[in-house]
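The sequence shown maps to residues 1045 to 1340 in this note's numbering.
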Amino acid sequence: MSTTAGQRATAAPGGWFATAYFDELRRRVLRPSAAWPAPAGGHAGAAGRTSLERLAAGLRDAAAACGVGLADLGEPLSAGELIALGDALGEVIPEHDPAIAAFVEQACVLNLRGTGLRGGRAFDMRFKPFTSEELLLHTEGSLRAEAERPRWIILQCLREAGDEAGVQTITVGMQGVAARLGSAAVGALRQTWLAGGSGPVVTGEPPVFSFRDPAVSGDVFESAHGATDPRDTVGALLEALYEPAAVRAVPWRRGTLAVIDNTRVFHGRTQGSEGERRHLQRVRVRMPTPAGGAGR
Ligand SMILES: [Fe+2]
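The following block contains the structure:
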């Protein structure tokens, strides 16, 4: 593939990466029978629920070290406690979208449960989290400017003990993705950005990615990098991202809390089956703004 340097390459209908080759990469990781291992570390000590501030600090530090911080509380936090945990980390982001208002508690807690909804061509993507379908790997808020992106995603499991759930919340570490890509490709991604996005795919050191699998919305990319076509660069990123050996799954059981560091890992979800009684709650948190930032 080739384009003139500095120009945007246009996507074919259905996107650049809606091909059998890339679909097979995705399927290896997101297939319904996948059973990925839990992270080797990331447990946040024994602060428990008696001090939400200490619990938040333990989860934040574990997420910084391992990409995901984990705690098993036995019983889930209330919606109010979950928001307080978010307040202890940073600035909790409200769920503004009226389309999903029926799933929102106390303005900021999103209930992620299977609804029996099915996707399809004309499906409203905002409801995808409430289906049993897979969620392609992404960083949260990848279209937003860095300061507006969630830094942490808090999830907790409310599933009743004994309910089986085949769906797995999965993560892939960014440092490993960068290592598989190599420095030349990471350098090219520092000069590649999602058309309509707010910044390059990679910033910082160690590299922080802001990226969603373009098959979600047929995204196209632009490049200022003289020697590379953004289709090649983003294709290499997808190959490094969907690496089965790098996939870790949150070991959900009732009362498990997970804090995903959105600057350390990509996340997604494997495909589930109809009628699964899964139930997670989600609170998104961004870094606190120094003064007068937009609150909820
Ligand atoms: Fe997400």
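Virtual Cβ for every residue (Gly too), placed ideally from N, Cα, C.
Quick caveat, the model's predicted, so the values are computed rather than measured.
Own chain, CB closer than 6 Å to residue i, minus 5 neighbours either side, in chain order
{"i": "E1097", "result": "A1132"}
{"i": "G1089", "result": "G1102"}
{"i": "E1184", "result": "P1194, I1197, N1306"}
C-alpha distance - residue i paired with residue j, whole-angstrom precision
{"i": "T1175", "j": "L1099", "result": "31 Å"}
{"i": "E1156", "j": "R1275", "result": "Looking at the sequence shown, residue 1156 is not Glu but Leu. Looking at the two C-alpha atoms, the distance is approximately 33 Å."}
{"i": "A1107", "j": "L1301", "result": "12 Å"}
{"i": "W1237", "j": "G1243", "result": "6 Å"}
{"i": "S1046", "j": "V1112", "result": "With a pLDDT of 41 at S1046, under the threshold of 50, the predicted position of this residue should be treated as unreliable, though the coordinate-derived value follows. Roughly 38 Å between the two C-alpha positions."}
{"i": "R1072", "j": "E1119", "result": "33 Å"}
{"i": "V1278", "j": "L1233", "result": "8 Å"}
{"i": "P1295", "j": "D1067", "result": "26 Å"}
{"i": "I1144", "j": "Q1200", "result": "19 Å"}
{"i": "V1260", "j": "Q1212", "result": "19 Å"}
{"i": "R1188", "j": "V1136", "result": "16 Å"}
{"i": "A1115", "j": "S1077", "result": "26 Å"}
{"i": "T1215", "j": "C1110", "result": "11 Å"}
{"i": "A1280", "j": "S1122", "result": "42 Å"}
{"i": "E1287", "j": "A1079", "result": "14 Å"}
{"i": "A1151", "j": "V1303", "result": "19 Å"}
{"i": "F1310", "j": "H1182", "result": "5 Å"}
{"i": "F1265", "j": "S1095", "result": "45 Å"}
{"i": "P1198", "j": "G1231", "result": "Checking the displayed sequence, the identity of residue 1198 turns out to be Ile instead of Pro. If you take the alpha carbons of I1198 and G1231, they lie about 31 Å apart."}
{"i": "R1321", "j": "P1081", "result": "21 Å"}
{"i": "Q1051", "j": "T1307", "result": "For Q1051, the predicted structure reports a pLDDT of 45, less than 50, and the residue's modelled location is therefore unreliable. A value from the coordinates is still provided. Computed Cα separation, rounded: 28 Å."}
{"i": "A1271", "j": "D1257", "result": "23 Å"}
{"i": "D1273", "j": "L1069", "result": "21 Å"}
Exposed unless 16 or more other CB atoms sit within 10 angstroms - verdict on residue i
{"i": "H1140", "result": "exposed"}
{"i": "M1169", "result": "exposed"}
{"i": "R1328", "result": "buried"}
{"i": "F1255", "result": "buried"}
{"i": "A1049", "result": "With a pLDDT of only 40 at A1049, under 50, the local geometry of the prediction cannot be trusted, and no value is derived from it."}
{"i": "E1249", "result": "exposed"}
{"i": "R1193", "result": "buried"}
{"i": "P1083", "result": "buried"}
{"i": "G1226", "result": "exposed"}
{"i": "Q1325", "result": "buried"}
{"i": "A1239", "result": "exposed"}
{"i": "F1061", "result": "buried"}
{"i": "P1142", "result": "exposed"}
Cutoff 7 Å; reference residue i; Cβ partners in own chain excluding five residues on either side
{"i": "L1117", "result": "G1092, R1093, G1299, L1301"}
{"i": "Q1235", "result": "P1244, S1267, A1268, H1269"}
{"i": "G1124", "result": "Q1150"}
{"i": "A1290", "result": "V1216, G1217, G1220"}
Opposing strand residues paired with residue i [DSSP bridges]
{"i": "F1253", "result": "V1246"}
{"i": "I1304", "result": "V1112, I1197"}
{"i": "W1237", "result": "P1244, E1266"}
{"i": "R1321", "result": "According to DSSP, R1321 bridges with nothing at all."}
{"i": "G1022", "result": "With the chain represented from 1045 up to 1340, any question about residue 1022 goes unanswered, as that position is not in the structure."}
Cβ of residue i within 9 Å of any chain C Cβ
{"i": "P1244", "result": "The structure shown contains no chain C, having only a single protein chain."}
Contacting residues, own chain, Cβ-Cβ under 8 Å from residue i (five flanking each side not counted)
{"i": "M1331", "result": "G1134, E1135, A1191, R1195"}
{"i": "G1241", "result": "S1186, L1187, S1254"}
Which runs of the alpha helix (DSSP H) at least 4 residues long sit entirely within the region 1061–1103? Give them in chain order. Listed in chain order, they are 1064–1074.
Mind listing, in chain order, the continuous beta strand (DSSP E) runs of no fewer than 3 residues lying wholly within the region 1140–1214? Note on the region 1140–1214: whole beta strand (DSSP E) runs with a minimum of 3 residues are 1153–1157, 1179–1182, 1196–1201, in chain order.
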